[in-house]
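For reference, the structure is listed below as structure tokens.
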Amino acid sequence: MLSGLPEYFRNHGLKTDVRTLLLLRRAMERGLVTTLGDLYNVLKGIVVKEPEDMGPFTKAYYGYFLNIEVKYGQSLEDAILRSQTFQKWKDSKLQEDDAETSVSLDDLVNQFLDEVHLTSYDIKEVISGRELFDKNDADQADEPSEQDGETESVERQLEKMADYSDISLQELLERLEKIKKQQKDKHGGGSHWVGTGGISPFGHGGAAKNGIRVGGAGGGKMARKVMGDKNFFPIDRDALLNDNNVDAALASIKGVIEESAIEKLDVPLTIKTGLKRGGLFIPELSSEKNEELKVIVLIDNGGYSMSPYIRTVQNLFRKMKTRFAHDLETFYFHNTIYDNVYKDERRTQRLPVENLVDYDKNYRVFFIGDAAMAPYELSGQSVESLQSITKKFKKCVWLNPEPLRYWPGTYTIQAIKQIVPMYPLTPHGIERAVRKMNSRISTSN
Amino acid sequence: MAENSYWTGSEKYLCDPQLAQAFHMARTLGMPLLIEGEPGTGKTELPIHYAENQNLDLFVYPVGSKSNVEQFVARFDHVKYLRDSQIEILNAQRAEKGLESRLSTGGRNPELLGDYVAKGPAAQSYASPNSVLLIDEIDKAPREFPNDLLYALSHRKFIMPESGEEVAVSEQDMPAIVITSNREQELPTAFKGRCIYHYIHFPDKEVMAQIIEKHHPDVNDGVVKVALDIFYHLRRLGLERAPTTREILNWLKYVKDHKPDEAIRRIEGLEGIGALIKTQADMERVSRMLGTDPGQFSMN
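Chains as they are written, first to last, in our numbering: chain A, 1412 to 1856; chain B, 2 to 301.
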């Protein structure tokens, strides 16, 4: 059952394996999963291991369980609106309501999300809230039931949510599996999979507790919030660096540090403890934490092409600085480096390249720029400057915000790429760049 | 059966539903809950308030740079053991010489190794069913510490040093374990895999107002609103160290003794801003912005 799940989620860059399934099964046995929303929450707790995973996870979840593919650069809302799943759901929904109320598309998406993310906790809340309500209004006991028949546009209806706690685990699994099959089969199967039984894929119309209603605040709490929350716009690890995925980028850039921890024989300590032991020398190892990670960032801040990225890039390296204690030097240039780089953003304080290469050779150098300019701007002098930098600092990479597909067509990108290894300015690109930096021999590719 | 009802917070602590669900899930599965998030979002508060609210025993292990599993689980007190065994000999010698006075071992018997095991928070909480165990700021620990915990977490038992005594707990009585981290270092994958993970996002204005309400119920609403406006404005500036929940609570504590009008005046005058701003560079930045445009902080 659900045997394809680990692989599907792995393809989204998440760490899932057979243990994920075992845990999920255990959670089901304990009755933690009774709605689709529960499934989302439980899986989230098991699969998501850092905030950066949220985006890919949501994407994978919608793809796997709801057959809603979130395409590159698409927001979740768009993806839902375009999906067949939503279409079918909408059709059956409108049928049920006899299409008497014209509901806006936004509201429909809200309802859809409400049903998808409805958890058993919400059901409990609703039910207990209702009981309270009934008790308080004992004399008007008849009225609420009458109201059930009407449709108030303000209230959101959590339609046919079922409390399936009494269903056996086996049944639950079978139902899940069936739903999945129907989802795969686009033609057949038809109406039932996200249809008449409500969105809950475990749904069967009969056992559902029909028409429990929640006021705007209760029911709507997930929907818009979910959409408005940037974490629910699946973050693409291949999207260009922006404020939303800067943390993902930070996670990749951290690799620079982790790889550089080495164990070393601590000679003085070995002697000291050996003498204390009365001459029995046992080697003492000390792990040398690389506290002196040194980074030079060279940013192209000239021209309009770079301006959208500068703030984000600075943000990234600033975060990096607060997270790890180390030296971070930032310099600026325009288009390419001639004989100077600049210490300030307005490029007034020069620092000659020959002084730049006086820095310790252990500095890692990040060039950040689009490397796109008129061919004549990349002069022989500039090439020499770049070469002298890469010669001095063995660990150099160039991060380029220009979309990868434009690279082959831009002469200067090709030329600079020969000198400095170049990677796209995306979390993935940064990760690869860092891995490249950490490999022993750094030759340009 | 372990206490695993769904807990949503107490009068003093506002528990985000997402967090409450994750916590419930962790307890039901008998797994530790790993909470990460910005400093000052109430990670540590969760188990403390939960234990208090549910009347459960709480064991806390604050992690530091020198933490090791011995401190966490149990260590064998060699010094005491040595002393007591010497005392035995001394007492025997005294008895030989016909001396009456004897030295005491404080009720410990050197024959019983278990008497010399000093139990740490982990062993204590495993020994008392249904307790709450907080491992605070695990990211401050040496790298190998989380890995050393793996066995204990997945097998629910510790073996006491020297005495060989086993402290085990059934899955039902498993303590609710909460682990917090500020993400200062990455935790090993194997470790994370044994935890239920939850990331606390920074609360938005409405939630923050509720949090403030829980801590300072006596503060005037108008004061809170003005303070919140400034607080979120400061957070948006992209300071090196953005102010957090803890800081705004302290700030309000500072002004709350004044009358509402006076308090608002003080807040707008950014009095006691030192409670919010924690680095020199940030302070300079804020005062520079104040200098150019003082109205910016009044109201938006």
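Cβ coordinates follow ideal geometry from the N, Cα and C atoms, glycine included.
{"Check": "Whole-number beta carbon distance between Val74 (chain B) and Gly121 (chain B), since they are thought to touch under 8 Å", "Outcome": "5 Å"}
{"Check": "Within-7 Å CB hit, Asn1521 (chain A) to chain B", "Outcome": "no"}
{"Check": "Arg286 (chain B) versus Arg242 (chain B): straight-line alpha-carbon distance, rounded", "Outcome": "12 Å"}
{"Check": "Through-space distance from Leu235 (chain B) to Glu1695 (chain A), alpha-carbon basis", "Outcome": "49 Å"}
{"Check": "Three-state secondary structure (DSSP) of Phe1692 (chain A)", "Outcome": "coil"}
{"Check": "8 Å Cβ cut-off: residues of chain B touching Ala1438 (chain A)", "Outcome": "Met26, Thr29 and Leu30"}
{"Check": "Whole-angstrom distance between Ile201 (chain B) and Val224 (chain B), CA atom to CA atom", "Outcome": "26 Å"}
{"Check": "Lys1460 (chain A) at chain B interface by Cβ criterion, 7 Å", "Outcome": "yes"}
{"Check": "Sub-7 Å separation of Tyr1749 (chain A) and Gln1798 (chain A) beta-carbons", "Outcome": "no"}
{"Check": "For Ile178 (chain B), the residue or residues it bridges with in DSSP", "Outcome": "B:Leu134"}
{"Check": "Beta carbon proximity, Ile197 (chain B) to chain A, threshold 7 Å", "Outcome": "yes"}
{"Check": "Cβ neighbour criterion (16 or more within 10 Å) applied to Phe1692 (chain A)", "Outcome": "exposed"}
{"Check": "DSSP bridge partner residues for Trp1809 (chain A) (one or two, in chain order)", "Outcome": "A:Phe1778 and A:Met1833"}
{"Check": "Members of the segment 265-288 of chain B that neighbour chain A once the beta carbon cut-off is set at 8 Å", "Outcome": "none"}
{"Check": "Burial state of His1598 (chain A), where buried means 16 or more other Cβ atoms lie within 10 Å", "Outcome": "Legend: pLDDT at His1598 (chain A) = 37, less than 50; position of this residue unreliable, value from coordinates given subsequently. His1598 (chain A) is exposed by the Cβ-count criterion."}
{"Check": "Extent of the continuous alpha helix (DSSP H) run through Leu1519 (chain A)", "Outcome": "Leu1516 to Val1527"}
{"Check": "Cβ neighbours of Ser68 (chain B) in the same chain (closer than 6 Å, five flanking residues each side left out)", "Outcome": "Ala142 and Phe146"}
{"Check": "Partner residues on chain B for Lys1860 (chain A), Cβ-Cβ distance less than 8 Å", "Outcome": "Chain A is shown only over 1412 to 1856; residue 1860 (chain A) falls outside these bounds and no answer can be derived."}
{"Check": "Listed by chain order, chain B residues near Arg1430 (chain A) by CB distance under 9 Å", "Outcome": "Gly194"}
{"Check": "Extent of the continuous alpha helix (DSSP H) run through Gly1448 (chain A)", "Outcome": "Leu1447 to Val1458"}
{"Check": "Reference Val61 (chain B); option with closest CA among B:Glu89, B:Glu97, B:Gln55 and B:Gln125", "Outcome": "B:Gln125"}
{"Check": "Inter-residue spacing [alpha-carbon to alpha-carbon] between Ala119 (chain B) and Val168 (chain B)", "Outcome": "13 Å"}
{"Check": "Three-way DSSP call (helix, strand, coil) for Pro18 (chain B) in this model", "Outcome": "helix"}
{"Check": "Own chain, CB closer than 7 Å to Arg184 (chain B), minus 5 neighbours either side, in chain order", "Outcome": "Glu37 and Asp140"}
{"Check": "At least three beta-carbon pairs within less than 8 Å, the segment 1738-1749 of chain A to the segment 1704-1712 of chain A", "Outcome": "yes"}
{"Check": "Where Gln211 (chain B) falls, given that 16 or more other Cβ within 10 Å makes a residue buried", "Outcome": "exposed"}
{"Check": "Proximal chain A residues relative to Tyr200 (chain B), where beta-carbon distance stays under 7 Å", "Outcome": "Pro1462"}
{"Check": "Chain B contact for Gly1629 (chain A) (CB, 7 Å cutoff)", "Outcome": "Residue placement at Gly1629 (chain A) is poorly supported in this model, since its pLDDT is 33, which falls under 50; the coordinates still yield a value, given next. Not closer than 7 Å to any Cβ of chain B, the Cβ of Gly1629 (chain A) fails to qualify, so no."}
{"Check": "Cβ-based burial, Pro218 (chain B) [other Cβ within 10 Å; buried from 16]", "Outcome": "exposed"}
{"Check": "Given Gln1495 (chain A) as reference, the closest of A:Lys1683, A:Phe1777 and A:Leu1477 once Cα atoms are compared", "Outcome": "A:Leu1477"}
{"Check": "Cutoff 7 Å: Leu1727 (chain A) Cβ touching any chain B Cβ", "Outcome": "no"}
{"Check": "Per DSSP, the bridge partner or partners of Thr1747 (chain A)", "Outcome": "A:His1745"}
{"Check": "Phe1468 (chain A) to Lys1426 (chain A) span [Cα, whole Å]", "Outcome": "10 Å"}
{"Check": "Cβ shell of Glu1756 (chain A) (< 7 Å), same chain only, five flanking positions each side left out", "Outcome": "Asn1712 and Tyr1743"}
{"Check": "Residue-chain proximity (Leu1487 (chain A), chain B), Cβ-Cβ < 7 Å", "Outcome": "no"}
{"Check": "Limits of the unbroken alpha helix (DSSP H) element including Ile268 (chain B)", "Outcome": "Pro261 to Glu269"}
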